[in-house]
Structure formats: C-alpha cells, structure tokens
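Chemist:
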Amino acid sequence: MILSRASEYAIRAMVYMAGREENGPVQLKEIAESENIPFHFLAKTMQVLTRIRLVKSFRGPHGGFMLMKPAREIYLYEIVNAFDAINQWDTTCVLGINPCSDDVICPLHDDWKPIREGIYELFKTRNLEGLVGRLEEKRQKLRELGLTG
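Residues in the sequence shown are numbered from 26 upward in steps of one, following my numbering.
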C-alpha cells in the first residue's frame with residue numbers, strides 16, 4: 026500500500042508486543058515467527074524502534090524487546106514516521122509534481138488531499154492499545170462463527 030515494508034513490519038511487531046499477556050521481554054524469533062516477518066529484516070526494524078525509544082532491548086538468554094511506554098501512549102504516527110517520514114506527506118505530491126499545493130497543477134490533487142489528510146489523522150489518533158482491542162474483537166467474532174481466530 027502506501028507504507029514501506031519496514032513500517033508494516035514495525036506496526037505488526039509493536040501490536041504483537043502490546044497484545045501479549047505475558048510480562049517481560051519478547052524474543053525477536055517469537056515475533057518473527059508469529060507475525061511471519063523475515064528475522065533479519067525484523068532485527069533491523071527493531072533497531073530503529075529501539076533508537077527512537079519506542080522499544081527497549083534486553084540482552085542475554087532471557088532477553089528480547091519490550092515497549093518503552095504503555096500501549097495507549099504509542100501512536101501509529103510515531104512508528105510510521107520512523108520509516109516513512111509521514112511528516113513530509115503534506116508537501117509530497119502523489120504524482121511527484123512537487124511541492125503538493127493548491128497552487129500546483131495536479132490532476133489528482135483535489136482527490137488526494139483529503140485522503141492524505143485522513144490517513145495522517147488516522148495515524149495521529151490510533152494507538153497500539155486500540156489496535157490490540159480491535160484485533161481481539163475480530164478474533165472473537167471469528168471464534169463465534171466457528172472459524173479460527
């Protein structure tokens with residue numbers, strides 16, 4: 026879609042960590058296997074998340090990664106911006122006719138502008154806690170229908 030693979034993997038990893046019932050660090054291998062993310066790609070992604078202080082890494086046999094703050098305080102914007110510079114979306118034209126502005130002639134500007142603003146607003150208002158809740162609701166519905174979840 027519009028996100029880089031690194032952003033997608035980062036969101037999935039963070040939601041996985043936020044949704045775990047167990048306390049303590051989660052090993053990279055567990056996240057990679059559970060979320061079907063290539064191990065080495067996830068390792069690089071987690072380095073970025075550690076550097077921007079969204080996760081903390083722990084070394085040793087019981088090491089792994091943990092969220093640095095409560096899931097309700099981590100918004101998609103923080104995660105995505107680490108990989109895709111979402112703060113520059115308001116000046117980037119969907120067709121590459123820069124800068125994106127009402128003054129620049131672009132055949133998609135009037136259509137793209139509200140979409141871009143909606144995505145930006147979504148990322149600013151959705152936190153990990155809410156995503157975990159939605160995920161659990163969907164799993165519950167699947168269980169009620171007798172499907173896996």
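Even glycine gets a Cβ: it sits at the ideal position worked out from N, Cα and C.
#1: When you compare the region 123–142 with the region 55–64, are there three or more beta-carbon pairs, one atom per stretch, that lie closer than 8 Å?
#2: From what residue to what residue does the alpha helix (DSSP H) around Met71 run?
#3: List the residues that DSSP assigns as beta-bridge partners of Asn152.
#4: Since Ser82 is in the beta strand (DSSP E), which residue starts that stretch and which ends it?
#5: Between the region 36–44 and the region 94–110, do at least 3 Cβ pairs fall closer than 8 Å?
#6: Would DSSP call Val105 helix, strand or coil?
#7: Secondary structure at Leu172, three-state DSSP: helix, strand or coil?
#8: List the endpoints of the continuous beta strand (DSSP E) containing Leu53.
#9: Along the beta strand (DSSP E) that carries Gly89, what are the first and last residues, could you check?
#10: Return the first residue and the last residue of the alpha helix (DSSP H) that Glu21 is part of.
#11: Can Tyr102 and Ile111 be called in contact, C-beta distance under 8 Å?
#12: Comparing alpha-carbon positions, which option in Phe83, Ala107, His65 lies nearest Val51?
#13: In the structure shown, what three-state DSSP assignment does Ile144 receive?
#14: Please report the straight-line C-alpha distance between Ile77 and Pro132, rounded to a whole angstrom.
Modeler: Quick answer:
#1: As far as the Cβ criterion goes, the region 123–142 does not touch the region 55–64, which means the pair count is below three.
#2: Residue mapping note: residue 71 aligns to position 46 of the sequence shown, counting from 1. Start and end: 64–76.
#3: Locating residue 152 in the sequence shown gives position 127, counting from the first residue. Looking at the DSSP assignment, Asn152 forms a beta bridge with Tyr100.
#4: Counting from one through the sequence shown, the residue named residue 82 turns up at place 57. Unbroken beta strand (DSSP E) run through Ser82: 80–83.
#5: The region 36–44 vs the region 94–110: in contact.
#6: Walking along the sequence shown from the start, residue 105 turns up at place 80. In this structure, Val105 counts as helix in the three-state DSSP scheme.
#7: Along the sequence shown, one-based indexing puts residue 172 at 147. The answer is coil: DSSP assigns Leu172 none of H, G, I, E or B.
#8: By 1-based counting over the sequence shown, the position of residue 53 is 28. Here Leu53 belongs to no beta strand (DSSP E); instead the alpha helix (DSSP H) covers 53–60.
#9: In the sequence shown, counting from the first residue as 1, residue 89 sits at position 64. Gly89 -> beta strand (DSSP E) spans 89–92.
#10: The structure shown has nothing for residue 21, since the chain only spans 26 to 174.
#11: Taking the sequence shown and counting its residues from 1, one reaches residue 102 at position 77. Taking the sequence shown and counting its residues from 1, one reaches residue 111 at position 86. Contact flag set, yes.
#12: In the sequence shown, the residue the question calls residue 51 occupies position 26. If we check each option's Cα against that of Val51, Phe83 comes out closest.
#13: In the sequence shown, the residue the question calls residue 144 occupies position 119. Residue state, collapsed to three classes: helix.
#14: Here residue 77 refers to the residue found at position 52 when the sequence shown is read from its first residue. Here residue 132 refers to the residue found at position 107 when the sequence shown is read from its first residue. When rounded, the distance between both Cα atoms is 37 Å.
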